[in-house]
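Working notes for the structure below.
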Amino acid sequence: MQNIDIKFASLNLGLISPEMVLLVGGILILILGGLFKQRAIIVYTALVTLLGGLILSIGAWNNPESGFYGMVQVDNFSIFFKIIFILASSLTLLMARQYLIRWDIERFEFYSLLLFSTVGMMTMASSVDLIVIFLGLEIMSVPLYVMAGFARRDPLSNEAGIKYFIMGAFATGFLLYGIALIYGASGTTNLRQIVADFGFLQTHSALPLYIGAGLVLVGFGFKVAAVPFHMWVPDVYQGAPTPITAFFSVAPKAAGFASLFRIFAFGFSGIPEMTSLLWLLAILTMSVGNILALYQDNIKRMLAYSSIAHAGYILIALTVKGEGAVSAALYYLLAYTFFNLGAFTIVTMVDSRARSQALIHEMRGLSIRHPYLAALLALFLLALAGFPPTAGFLGKFYIFSEAVKGGYIWLAIIGVINSLVSVYYYLRIVVAAYFDQRETEFQPVTYTPALRLVLFITAAGTLILGLWPQYFLHLTRINMFPFI
Amino acid sequence: MNIDILTALTFFPLVGVFLLLFVPSSRTDTIKGIALIIAFVSFLLSVIAYSLFDTVASGMQFEINLPWISDFGINYHLGIDGISLLLIMLTTILVLLALISSWTAIRTSVKGYYSALLLLETGMLGVFVSLDLFLFYLFWEVMLIPMYFLIGVWGGPRRIYAAIKFILFTMFGSVLMLVALLYLFFMYYNYSGEYSFDLLRFYQMPIPLGAQTYIFLAFALAFAIKVPLWPLHTWLPDAHVEAPTAGSVILAGVLLKMGIYGFLRICLPLFPEATLRFMPFISILAIIGIIYGALVSMVQRDIKSLVAYSSISHLGLVMLGIMALNVQAIDGAVLQMINHGISTGALFLMVGMIYERRHTRMIADFGGLAKSMPVFSTFFMIVALSSIGLPLTNGFVGEFLILLGTFKTNHIYAILGATGIILSACYMLWMLQRVLFGKISNVANENLHDIYDREKLVLVPLIILIFWIGVYPNPFLRRIEPAVMNILKRVEQSQKRVIEKKAIPEFSLMRNNGRNYSLKIDGG
Numbered sequence: 049m050q051n052i053d054i055k056f057a058s059l060n061l062g063l064i065s066p067e068m069v070l071l072v073g074g075i076l077i078l079i080l081g082g083l084f085k086q087r088a089i090i091v092y093t094a095l096v097t098l099l100g101g102l103i104l105s106i107g108a109w110n111n112p113e114s115g116f117y118g119m120v121q122v123d124n125f126s127i128f129f130k131i132i133f134i135l136a137s138s139l140t141l142l143m144a145r146q147y148l149i150r151w152d153i154e155r156f157e158f159y160s161l162l163l164f165s166t167v168g169m170m171t172m173a174s175s176v177d178l179i180v181i182f183l184g185l186e187i188m189s190v191p192l193y194v195m196a197g198f199a200r201r202d203p204l205s206n207e208a209g210i211k212y213f214i215m216g217a218f219a220t221g222f223l224l225y226g227i228a229l230i231y232g233a234s235g236t237t238n239l240r241q242i243v244a245d246f247g248f249l250q251t252h253s254a255l256p257l258y259i260g261a262g263l264v265l266v267g268f269g270f271k272v273a274a275v276p277f278h279m280w281v282p283d284v285y286q287g288a289p290t291p292i293t294a295f296f297s298v299a300p301k302a303a304g305f306a307s308l309f310r311i312f313a314f315g316f317s318g319i320p321e322m323t324s325l326l327w328l329l330a331i332l333t334m335s336v337g338n339i340l341a342l343y344q345d346n347i348k349r350m351l352a353y354s355s356i357a358h359a360g361y362i363l364i365a366l367t368v369k370g371e372g373a374v375s376a377a378l379y380y381l382l383a384y385t386f387f388n389l390g391a392f393t394i395v396t397m398v399d400s401r402a403r404s405q406a407l408i409h410e411m412r413g414l415s416i417r418h419p420y421l422a423a424l425l426a427l428f429l430l431a432l433a434g435f436p437p438t439a440g441f442l443g444k445f446y447i448f449s450e451a452v453k454g455g456y457i458w459l460a461i462i463g464v465i466n467s468l469v470s471v472y473y474y475l476r477i478v479v480a481a482y483f484d485q486r487e488t489e490f491q492p493v494t495y496t497p498a499l500r501l502v503l504f505i506t507a508a509g510t511l512i513l514g515l516w517p518q519y520f521l522h523l524t525r526i527n528m529f530p531f532i
Numbered sequence: 442m443n444i445d446i447l448t449a450l451t452f453f454p455l456v457g458v459f460l461l462l463f464v465p466s467s468r469t470d471t472i473k474g475i476a477l478i479i480a481f482v483s484f485l486l487s488v489i490a491y492s493l494f495d496t497v498a499s500g501m502q503f504e505i506n507l508p509w510i511s512d513f514g515i516n517y518h519l520g521i522d523g524i525s526l527l528l529i530m531l532t533t534i535l536v537l538l539a540l541i542s543s544w545t546a547i548r549t550s551v552k553g554y555y556s557a558l559l560l561l562e563t564g565m566l567g568v569f570v571s572l573d574l575f576l577f578y579l580f581w582e583v584m585l586i587p588m589y590f591l592i593g594v595w596g597g598p599r600r601i602y603a604a605i606k607f608i609l610f611t612m613f614g615s616v617l618m619l620v621a622l623l624y625l626f627f628m629y630y631n632y633s634g635e636y637s638f639d640l641l642r643f644y645q646m647p648i649p650l651g652a653q654t655y656i657f658l659a660f661a662l663a664f665a666i667k668v669p670l671w672p673l674h675t676w677l678p679d680a681h682v683e684a685p686t687a688g689s690v691i692l693a694g695v696l697l698k699m700g701i702y703g704f705l706r707i708c709l710p711l712f713p714e715a716t717l718r719f720m721p722f723i724s725i726l727a728i729i730g731i732i733y734g735a736l737v738s739m740v741q742r743d744i745k746s747l748v749a750y751s752s753i754s755h756l757g758l759v760m761l762g763i764m765a766l767n768v769q770a771i772d773g774a775v776l777q778m779i780n781h782g783i784s785t786g787a788l789f790l791m792v793g794m795i796y797e798r799r800h801t802r803m804i805a806d807f808g809g810l811a812k813s814m815p816v817f818s819t820f821f822m823i824v825a826l827s828s829i830g831l832p833l834t835n836g837f838v839g840e841f842l843i844l845l846g847t848f849k850t851n852h853i854y855a856i857l858g859a860t861g862i863i864l865s866a867c868y869m870l871w872m873l874q875r876v877l878f879g880k881i882s883n884v885a886n887e888n889l890h891d892i893y894d895r896e897k898l899v900l901v902p903l904i905i906l907i908f909w910i911g912v913y914p915n916p917f918l919r920r921i922e923p924a925v926m927n928i929l930k931r932v933e934q935s936q937k938r939v940i941e942k943k944a945i946p947e948f949s950l951m952r953n954n955g956r957n958y959s960l961k962i963d964g965g
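The listed protein sequences correspond, in order, to chains A and B. Okay, so the first sequence: first residue is 49 according to this note's numbering, each after it adds one. Okay, so the second sequence: first residue is 442 according to this note's numbering, each after it adds one.
Structure (structure tokens):
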């Protein structure tokens, strides 16, 4: 062990200022929650905190910096992910309140858990050291376990919490074992160091390195819900309170991909076998997700499988690697955040009969009862299915074009056929909402200003990223490769 | 002013959709009024485009080319030639008439219905004016959504099945087209070092034969599903029968033409060698379609499905004309596209009219309509005869040119294609006989109201066009011909180029891990 002379100044706390703001905000909420009965204060505190985190994150744009002895790296790649995380948690926060009140499970801890979890994700996105990535992963996951079981009196939610916890712990085990093997092979957990020594390591200790990388892939496979590590997804997504499911389907997945890209597109990109493994993983994830989604009657389960399928599309980009593929994945994740959260928001609003039990055919008559909600739902579903001129189309277009460019034409063909399959189940909801003209009982929907705002932002994002993507495309392409 | 005529034309219906958003859905008359005005202005805009169109100049007119998504080299590139011009005219006319025809037929969700129709119009016009293939693909897909809703919400009893079948069939073709398009895109990048989706630039690029085959097949599949070429036609009868009248009119009148248009605009000029290679194959499928469609029409009991199957037969003939690859045949095919739009559109409109009166479309339920509805019967007769291709009607000119051109290329194809016309006389006349003539067998048919003024307003323009094209097709042919010559010139040029072996020998794509991964796509 070399002797490291730790100077406080060299820790460069400015780098992690967004994370610190969120952390302080989360703790503040815990204190305020004990002092005030007014929940509104807490919601506003959380929002202001997130906004502060956002501003501080964006402040470092185009100014890559590394600190904490090379363990933390703030570059455009990590900032882009931080924007996605903060966006996702702000939208979740706004849409969740109404739902929590309706089901009488609003507790102030919810908001601070959300912030803590976001801190974990942000740490994951900006670290280039396996140990710090692991640290971020745990900070992210532990609050998520609690949130999945947040509806304490609901057995399904309890099941979700326990299941997510056990599977998560299991995945963590794989990940840690992988990291240990990599450390054993290379003597470091720093990705930058590993890449620098890669040629040497490959000739001298290839086996533990490869096995370690494989185990790390398995660990993250659980987090992003890649097939065959997806078993927990439908139950957890169904059982968890809907806004939290929405959050699950977007933010932790994006965080998992942030690390996957750091590790496999930048770090271990030199392992040729890894490419075939990722290729297989992408195809399995897309196909299994889409095919199983065809058979779901419960909307939340269907969206759960759909989110598995979407992870598959992003895995295509991970397989292809390269600068373009990374930016395609970033674009897709941003777009996906908008339209997936949008779809979940509407499910949250209309799912009023019994929690977590909304069936697809119960959407029938939605177009008559709530025409605007139905139109927005159709927009989000068409975006999920990849129809132009929505963000969903452009995202898929970008990923598939990178696949073709990289020579993975078969992957692109399998991808487009998968998106064809997905059209069928997304349109099942449209069929119910529009074509089935028998009316069902819908509870009156409460439009709070917060919900309106969420719907507006998600719909605007879905359309703008599809119609005027130029600016956002640029963002995903600026200096995404300052790493190493 | 005339610079942006195409943008104005394409997006004007969208303005209507936007306006309709602000009208409360209970005020149905206002909604119909706005939609009607918008459709009428669109029609006027297309007339302006028609009158400004230079018949002498070859090449694209009213071109605009603005950068849109410059990172991918995607431009907002519009432009039309004679073929697109006529299809645009057809679209605006049929949408206007379809809109008037739905005045009383549609009573539920009126606002959604007219919004969908106008959105559909933008989509269709967009396909015909796009010269950037990304834009083309975008409109091609966008158009599916309103059509899907039109069938699914306002359609017949089996509408859900029909709507889903329609969208899945079409999507299947178009997703593969997307991959082929991307492949073409990177091929152009390797060729010129620039990112572009511009069709006119793609025309300049020699494509090796092996690659051509695959890309051609992907595009051709998408277009063939749309045409539809036998055996990919099975979505058509369902969609046509279940769609509301206006939906059927637009499906048969315009949407099917997009397949043919795709062949003309993309497959022939971009992949001439592949076209030559697959010519016999596609011609035979077209002939099977002609005969099969006609025979199946003959045994239909529902008038609407009879007309639907007859479309398969007629479009088979159009396809046969395209594949003859000479000026007469393609001229005829383009004219026949317009003719089919007019005649079949009119037939669907009239079936809709009697359905509104009797709530049935079964041939057996009718008989002797000539007595109770004389004016209607006269119109029906004229339209049906034009669909058969009687001299002096539009159908004759188109079919004659197609067969003439085909005969030059291949006698057998022409003879087999001509049987379609004979068979069409069989099923159409037999249907006319059972529906219009004879005694009134069903009491319900005795007191049917003859055609209303609104319905005359819908039909008279189509009848005028039927005779106009039938007697004096020159103004139309004059506009079609330079465009067709252009396409054929490209086919010939490329053929020459291949003979001189100037094509790129191999097309390779680099993988990012540095290994050179060359696709063995050079079949020759």
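Ideal Cβ positions, reconstructed from N, Cα and C, are used throughout, including at glycine.
The distance from the Cβ of isoleucine 843 (chain B) to that of glycine 762 (chain B) is about 4 Å, consistent with a contact at the 8 Å cut-off.
In its chain, beyond the 5 residues on either side, Tyr578 have a beta carbon closer than 8 Å to the beta carbon of leucine 619 (chain B). Nearest Cα to leucine 709 (chain B) within the set B:Ile905, B:Val464, B:Leu658, B:Lys812: B:Leu658. Note that the C-beta distance between isoleucine 132 (chain A) and leucine 325 (chain A) is not below 8 Å.
Only those residues of the region 467-484 of chain A whose C-beta falls short of 7 Å from the nearest C-beta of chain B are listed: Ser467, Leu468, Val471, Tyr472, Leu475, Val479, Tyr482, Phe483. Excluding the 5 residues flanking it on each side, arginine 742 (chain B) has same chain C-beta neighbours closer than 8 Å at Met803, Ile804, Ala805, in chain order. Separation of isoleucine 478 (chain B) and serine 689 (chain B) (C-alpha to C-alpha, rounded to the nearest whole angstrom) is 22 Å.
Approximately 6 Å separates the beta-carbon atoms of phenylalanine 789 (chain B) and alanine 693 (chain B); this is inside 8 Å, confirming the contact. Taking each of A:Thr396, A:Gly390, A:Tyr361, A:Val395 in turn and checking the Cα distance to tyrosine 379 (chain A), the smallest one comes out for A:Tyr361.
Boundaries around glutamate 582 (chain B) are those of the alpha helix (DSSP H), 574-583, since no beta strand (DSSP E) includes it. In chain order, Val275 place their CB closer than 6 Å to the CB of valine 336 (chain A), counting only its own chain and leaving out the 5 sequence neighbours on each side.
Around the beta carbon of arginine 468 (chain B), fewer than 16 other beta carbons lie within 10 angstroms, which makes this residue exposed. Residues of chain A with a Cβ closer than 8 Å to the Cβ of arginine 600 (chain B) are, in chain order, Phe483. Listed in chain order, the alpha helix (DSSP H) elements of length 4 or more contained wholly in the region 449-508 of chain A are 457-478.
For the pair valine 91 (chain A) and leucine 141 (chain A), the CB atoms are nearer than the 8 Å cut-off. At a beta-carbon threshold of 9 Å, none of the residues of chain A lie near leucine 640 (chain B); the nearest stands roughly 17 Å away. Under the DSSP definition of a beta bridge, asparagine 516 (chain B) partners with B:Pro508.
Listed by position along chain A, the residues whose Cβ is nearer than 9 Å to that of glycine 879 (chain B) form an empty set, because the closest Cβ is around 39 Å away.
Looking at the backbone, the Cα of alanine 774 (chain B) and that of methionine 397 (chain A) are separated by about 53 Å. Within the region 438-454 of chain A, those residues whose Cβ lies closer than 7 Å to any Cβ of chain B are, in chain order, Phe448, Ser449, Val452, Lys453, Gly454. Among the CB atoms of chain B, one or more fall inside 8 Å of the CB of arginine 525 (chain A).
Against glutamine 518 (chain A), the close residues of chain B are Trp509, Ile510, Ser511, Asp512, in the order they occur along the chain (beta-carbon pairs closer than 8 Å). In the structure shown, glycine 839 (chain B) falls within a helical segment according to DSSP collapsed to helix, strand and coil. C-alpha of tryptophan 280 (chain A) to C-alpha of phenylalanine 125 (chain A): approximately 29 Å in a straight line. The region 451-458 of chain B makes contact with the region 563-570 of chain B, as at least three CB pairs between them are under 8 Å. Nearest in C-alpha terms to serine 511 (chain B), of all of B:Asp639, B:Ile529, B:Val901, B:Ile707, is B:Asp639. Counting only runs of 4+ residues, the alpha helix (DSSP H) found wholly inside the region 764-835 of chain B occupies 768-799, 810-813, 815-829, in chain order. Following the DSSP letters along the chain, one finds glutamate 113 (chain A) inside the beta strand (DSSP E) bounded by residues 113-115.
Taking 7 Å as the Cβ-Cβ cut-off, the region 574-602 of chain B approaches chain A at Leu579, Glu582, Val583, Ile586, Phe590, Gly593, Val594, Arg600, Ile601, given in chain order. Looking only at B:Val838, B:Phe484, B:Thr448, B:Ala811, the smallest Cα-Cα distance to glutamine 777 (chain B) is reached by B:Val838. If you ignore the 5 residues before and after alanine 661 (chain B), its C-beta comes within less than 8 Å of the C-beta of Phe704, Cys708, Phe719, Ile723, all in its own chain and listed in chain order. Approximately 14 Å separates the beta-carbon atoms of serine 65 (chain A) and leucine 98 (chain A); this is outside 8 Å, ruling out the contact. Put simply, the region 332-348 of chain A touches the region 261-278 of chain A. At least three CB pairs are less than 8 Å apart. The beta-carbon distance between isoleucine 608 (chain B) and leucine 475 (chain A), rounded to whole angstroms, is 7 Å. This is short enough to meet the 8 Å contact definition.
Here asparagine 886 (chain B) is buried. Its C-beta has 16 or more other C-beta atoms within 10 Å.
Spanning the alpha carbons of glycine 390 (chain A) and methionine 215 (chain A) requires a straight line of approximately 28 Å.
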